[in-house]
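Per the working numbering, the very first residue in the sequence shown carries number 146; after that it's consecutive.
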Amino acid sequence: MSARHLVVVGSGVAGLYATLLAAQAGVQVTLLTKGALAQSNTHQAQGGICAVLPDGAAAPGDTVEAHIADTLKAGAGECDPEAVRILCTEAAGDIAAIEHFGVSFDRDASGRRALGLEGAHSAARILHAGGDATGAAIANGLIKAVRAAAARGAVTLVEHAFVHDLLVLEGAALERSVKGVRYHRELPQGEPGMIDLRSDAVLLATGGAGQLFAATTNPAVATADGVALAWRAGAVVADLEYFQFHPTALAVGENFLISEAVRGAGAVLRDAAGEAFMLRYHPDGDLAPRDVVSRSIAAHLRNGRDGQSVYLDATGIEQAQGAGYLSRRFPTIAAKTQALGFDWTRERLPITPAAHYWMGGIATNQDGETSLHGLYAAGEAACTGVHGANRLASNSLLEGLVFGRRAVDAFLREMAAGTGNVGAQSSHAQYSHVQYSHAQMQLGGATPLSVHADALTFSKDALQALMSAHAGVFRDAQGLRHAAEVLAGWRSQREMPARTAVPSREEAEALNLLTVAQLLVHAALSRENSVGAHFRADFTDPPIRTRTASSRTASSSRAAARDFQHRAATVSHMNPVKFQRESETV
146 MSARHLVVVG
156 SGVAGLYATL
166 LAAQAGVQVT
176 LLTKGALAQS
186 NTHQAQGGIC
196 AVLPDGAAAP
206 GDTVEAHIAD
216 TLKAGAGECD
226 PEAVRILCTE
236 AAGDIAAIEH
246 FGVSFDRDAS
256 GRRALGLEGA
266 HSAARILHAG
276 GDATGAAIAN
286 GLIKAVRAAA
296 ARGAVTLVEH
306 AFVHDLLVLE
316 GAALERSVKG
326 VRYHRELPQG
336 EPGMIDLRSD
346 AVLLATGGAG
356 QLFAATTNPA
366 VATADGVALA
376 WRAGAVVADL
386 EYFQFHPTAL
396 AVGENFLISE
406 AVRGAGAVLR
416 DAAGEAFMLR
426 YHPDGDLAPR
436 DVVSRSIAAH
446 LRNGRDGQSV
456 YLDATGIEQA
466 QGAGYLSRRF
476 PTIAAKTQAL
486 GFDWTRERLP
496 ITPAAHYWMG
506 GIATNQDGET
516 SLHGLYAAGE
526 AACTGVHGAN
536 RLASNSLLEG
546 LVFGRRAVDA
556 FLREMAAGTG
566 NVGAQSSHAQ
576 YSHVQYSHAQ
586 MQLGGATPLS
596 VHADALTFSK
606 DALQALMSAH
616 AGVFRDAQGL
626 RHAAEVLAGW
636 RSQREMPART
646 AVPSREEAEA
656 LNLLTVAQLL
666 VHAALSRENS
676 VGAHFRADFT
686 DPPIRTRTAS
696 SRTASSSRAA
706 ARDFQHRAAT
716 VSHMNPVKFQ
726 RESETV
């Protein structure tokens, strides 16, 4: 039997780790990434990664059960408890595994892994590397291992490859299955034209969607490509209204993230008058959950309290810990703030909430399986329910590891059981790829009665301004409906090039952003309550626990029915939307 073939799309922690594990198991793996390997949210993550370590390595009194409880509490009652249990109980094993692949964490004076404290954690359980460069350290370690695997032929690595569509197997005796991708390489790296790469399955690990908003901690590559790909192919997406805004991004330049670990070390949020105001809003003050802190900052500014700025004051840390502590513990932040002209040992930093992490995404079970056979998802692109309505700090890198591994394990089981439809690529099988069909993009509540005037002036900047104003930290029905009308008008004005043409990456990313913006706004309109990161100023009553989910196709597959029965939360607002799906044989 020939080696099974898995295509992994994305080079963040989930994609890199899954690639290594699949290759280790003898799978033929192709890793595609639209930029260089290091261009990901993972590489920019500062704070750390959570784990309750065994054998006396955990903080005194800390337990896996406490990590579970903290995650559930931060998720505002919307987490999938089983997904949370898996995340927290399996964390230590995956930490050990990436150390085997070459990742090193900071150590304390005794030689043990150093542990930090962050908001909404009841104990210090945050491992970090390079002080405040944890994501880069993890990414670089895994990238080195992936390149080594590629050098010995265990992995096919394709950088600067933009995936435009999923290849779907259509057959009378088979359910629709994802069996590869259609992509092109940006010149001069590759040849012109589309490339069809067929495989036994596809794992989407494409990261988040911070580029939907004007202020974001995410890199330019975070354009929700995976969610858009899965949606167009007919996969179920869920919880898209839950978008986390990090409380402390620099309010100048490119909104550089100031890690939550800085507040864990003792930094304080102050307004222009110098008041430490967070206790007005939450008993945990500066260490309240992220959604609470971001909303409190925004409310403080909206109420016109003492000017238009909020500041992070870390000067007390230096005074308490001694000269040079901030530079040693947070070298990345220290270097960045110094380059921007700030001396954070002596002065406060102006900060603002910024789009940071999408709790929603492609709906999966705890094994990374989506509602489409042959399609897996992991990391920020996926929605396992583990984060609920608000992600606990430093659970994101961990999620990528745990559920990236579980997706590979599920793929291996599927192949071993012979249910992966391997070998079905006969002359009688029909492959299709889903085309962008703008005129048919009819989301409930997102279709304009008339094209808004703003629809004639689409740009990425205009999209980000619209989403920030009406689908950001504060939302209401009037603003969301306005956003829906403008988005639908913009989409009606934008057409894909002819099928024979290769759309530019910029064009494709713009359409992906338009797609997910409409989906997010539709989900936010559908959820008429306030919970976690989703705050409706017109609905502030306590929520009834539900899930918002939708699918592009009118009928769900066997996998959809099978894989989502386990969810503890009720799936609500399941309004499958019918689209005209244009197909071509490839």
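C-beta atoms are modelled at their ideal positions from N, C-alpha and C, and glycine is treated no differently.
Predicted model, so just to flag it, every value in this text is computed and none were measured.
- A distance below 7 Å between beta-carbons, with the five flanking residues on each side excluded, links Leu625 to the following residues of its chain, in chain order: His615, Ala616, Val666, Ala669 and Leu670.
- With a beta-carbon spacing of about 50 Å, Ser267 and Asp341 fall beyond the 8 Å limit used to define contacts.
- In the three-state DSSP reduction, Ala237 falls in the helix class (H, G or I).
- Looking only at Ile288, Leu424, Phe548 and Glu630, the smallest Cα-Cα distance to Phe246 is reached by Ile288.
- At the C-beta level, Ala526 and Leu349 come within 7 Å of one another.
- Ranked by how close their Cα comes to the Cα of Asp370, the residues Ser439, Glu227, Asp207 and Phe307 have Phe307 in first place.
- Following the DSSP letters along the chain, one finds Ala373 inside the alpha helix (DSSP H) bounded by residues Asp370 to Ala378.
- Judged by pairs of C-beta atoms under 8 Å, the stretch 456-468 does not touch the stretch 630-637, as fewer than three such pairs exist.
- Nearest to Gly298 by C-alpha distance, out of Gln173, Gly506 and Ser322, is Gln173.
- Looking at the DSSP output, Ser322 sits in a beta bridge with Leu314 and His518.
- Between the beta-carbon of Val303 and that of Leu177 there is about 5 Å, and that keeps the pair under the 8 Å contact cut.
- Secondary structure at Pro498: strand, using DSSP grouped into helix, strand and coil.
- Gly506 is bridged by DSSP to Ala383.
- Put simply, of Ala378, Glu559, Asp621 and Leu374 the residue whose alpha carbon is nearest the alpha carbon of Leu151 is Glu559.
- Three or more pairs of CB atoms, one per stretch, sit closer than 8 Å, so the stretch 186-194 contacts the stretch 279-286.
- DSSP places Pro476 within a helical segment (H, G or I) once states are collapsed to three.
- Arg343 and Asp251 have their C-alpha atoms roughly 42 Å apart.
- Between Leu161 and Val291, the gap from beta carbon to beta carbon is short of 7 Å.
- Nearest Cα to Ala538 within the set Thr175, Ala265, Ala204 and Ala196: Ala265.
- Counting along the chain, the unbroken beta strand (DSSP E) around Thr393 starts and ends at Phe388 to Leu395.
- For Val248, no beta strand (DSSP E) encloses it, and the DSSP letter there is neither H nor E.
- Annotation: the continuous beta strand (DSSP E) that includes Asp416 extends over Val413 to Asp416.
- Between Ala204 and Leu260, the C-beta spacing is below 7 Å.
- Relative to Asp429, the option among Asn363, Arg408, Gln169 and Ile496 whose CA is nearest is Arg408.
- Counting the other CB atoms within 10 Å of its CB gives Asp345 a total of 16 or more, which places it among the buried residues.
- Scanning its chain for C-beta atoms nearer than 6 Å, with the 5 sequence neighbours on each side dropped, one finds around Ser613 the residues Phe358 and Ala359, in chain order.
- Short of 7 Å from the beta carbon of Val209, and not among the five residues preceding or following it, lie these beta carbons of its own chain, in chain order: Val197, Cys233 and Thr234.
- Contact annotation: Pro495 and Ser439 have beta-carbon atoms that are not nearer than 7 Å.
- Assignment of Asp341 by DSSP, reduced to helix, strand and coil, places it in the strand class.
- Spatial neighbours of Glu673 in its own chain (CB-CB distance under 6 Å, excluding positions within 5 residues in sequence) are listed in chain order as Phe684.
- Per DSSP, Leu357 lies in no beta strand (DSSP E) segment and is marked neither H nor E.
- In the three-state reduction of the DSSP assignment, Tyr328 falls in the strand class, which pools E and B.
- Residue pairing by DSSP places Glu559 opposite no residue, since no beta bridge is assigned to it.
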